[in-house]
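Following: one structure in structure tokens, then a few remarks.
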Amino acid sequence: MNAPHAMGALAARDIIVSVDGTRLLDGVTCAAARGRVTGLIGPNGAGKSTLLRSFLRLQAVDSGQILFGDRDITTVPPHRLGRDFAYLAQGQTIHWPLSVEAVAALGRDAYHTPFARMDDEDQAAVAHALSATGLEALKARPVTSLSGGEKARALLARVLASEAGVILADEPVAALDPYHQLAIMELLHGLAHDGGDNDGGDNDGENNGGRSVVIVLHDLGLARRFCDDVILLHRGTVAASGPAQDIITPEHLEPVYRVRLDFAASGAVQPVARLDGTPDGQPDGAP
């Protein structure tokens, strides 16, 4: 296994994003540090996925700046982005009956010219990715024959095989059962903290040895347990940001989500009652 590539900090400076006349991000300034898991949290429509895509240049920015280390992201050549960044999109699907191993191997495309054969380093990276996601026994199976959770893990294996220094994942555990939710979050936490696997859940210390991992999450309990830092978005702006233990609190979350929350000793965060108003500022009413 090689060391991950270009593991610098990622930052947005006063970015504005509009689509079809609607402002989706309005003056967002935030950062995701190397060696830490940064969670993007907030209600539906807050701008989480838009911010993630802006980091990757997949979403045009009206104004402001995205920085990778001390470099403007627009100056990074596309082939370098392919090695430095790995992206797991929300609801991503694969329609071709590729094997699970072939899907994982797509993560190595940025290292080769089209149709080039994989070398020993590529094979080792793919094997590690399949092992880390628990897919070794399924590597010959067509990905189209897998369950939703297995497909999600195959797509994550592609991300891991890239050995990118920055991992951006949009709701990576949304389709998974509780066991695999924990397994994937532990894996991502380990990638941030030491470049490999660990049991997660300890987000108190500083670390500069792993990757920058940025995750969009709706499960506040998982964010509380596995994220070192969080960025709380609300209506396209940053409502709060900082260490997870400081931001995932009733004082910060309840006014944004418009629900009363119960914080369990286990780390779980559960909504228990709706408050007046709605997260998007519209009148109350059932969805």
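Those letters in the sequence shown? Residues 2 to 288, by my numbering.
Glycine included, each C-beta is placed from N, C-alpha and C at the ideal position.
All values reported here derive from a predicted model rather than from experimental measurement.
Which residue marks the beginning of the alpha helix (DSSP H) containing residue i, and which one marks its end?
i: residue 88; result: Not the alpha helix (DSSP H): residue 88 falls in the beta strand (DSSP E), residues 86–89.
i: residue 227; result: 221–227
i: residue 155; result: 149–162
i: residue 181; result: 179–195
i: residue 56; result: 49–56
i: residue 129; result: 121–133
i: residue 105; result: 101–106
Leaving out five residues on either side along the sequence, give the residues of the same chain with a beta carbon under 8 Å from the beta carbon of residue i.
i: residue 94; result: 152
i: residue 104; result: 95, 144, 155, 156, 158, 159
i: residue 271; result: 222, 262, 263, 265
If you follow the beta strand (DSSP E) that residue i is in, where does it begin and where does it stop?
i: residue 264; result: 260–264
i: residue 66; result: 64–69
i: residue 289; result: No answer is possible for residue 289: it lies beyond the span of the chain, which begins at 2 and ends at 288.
i: residue 171; result: 167–171
Of the choices the options, whose alpha-carbon is the least far from that of residue i?
i: residue 178; options: 148, 43, 169; result: 148
i: residue 162; options: 27, 273, 58, 119; result: 119
i: residue 23; options: 73, 237, 261, 243; result: 237
i: residue 268; options: 245, 252, 77; result: 245
i: residue 170; options: 129, 48, 13, 54; result: 54
i: residue 99; options: 67, 78, 109, 146; result: 146
i: residue 15; options: 272, 33, 67, 71; result: 67
i: residue 97; options: 107, 229, 33; result: 107
i: residue 184; options: 231, 132, 229; result: 132
i: residue 214; options: 248, 21, 32; result: 32
What does a CB cutoff of less than 7 Å around residue i pick up in its chain, not counting 5 residues either side in sequence?
i: residue 201; result: Residue placement at residue 201 is poorly supported in this model, since its pLDDT is 42, which falls under 50; the coordinates are not used for a value here.
i: residue 257; result: 43, 44, 233, 235, 240, 280
i: residue 203; result: In this prediction, residue 203 has a pLDDT of 45, which is less than 50 and means its spatial position is unreliable; what the coordinates show is noted afterwards. Once the five neighbours on either side are set aside, residue 203 has no close Cβ partner at all.
i: residue 60; result: 18, 51, 54
i: residue 114; result: none
i: residue 176; result: 149, 150, 153
i: residue 274; result: 260, 261
So if DSSP puts residue i in a beta bridge, which residue, or which two residues, is it bridged to?
i: residue 38; result: 214
i: residue 17; result: 27, 64
i: residue 82; result: BP columns for residue 82 are empty, so no partner.
i: residue 244; result: 230
i: residue 11; result: 33, 69
Am I right that residue i and residue j are in contact with their C-beta atoms under 8 Å? What's the rounded C-beta distance?
i: residue 26; j: residue 17; result: 6 Å
i: residue 172; j: residue 218; result: 7 Å
Going by beta carbon distance, what residues of the same chain come within less than 6 Å of residue i, once the five residues before and after it are set aside?
i: residue 101; result: 136, 139, 140, 142, 144, 155
i: residue 181; result: 150
i: residue 62; result: 16, 18, 55
i: residue 72; result: none
Please confirm whether any heavy atom of the ligand PLP lies closer than 7 Å to the CB of residue i.
i: residue 277; result: Annotation note on the ligand PLP: not contained in the displayed structure, which lists no ligands.
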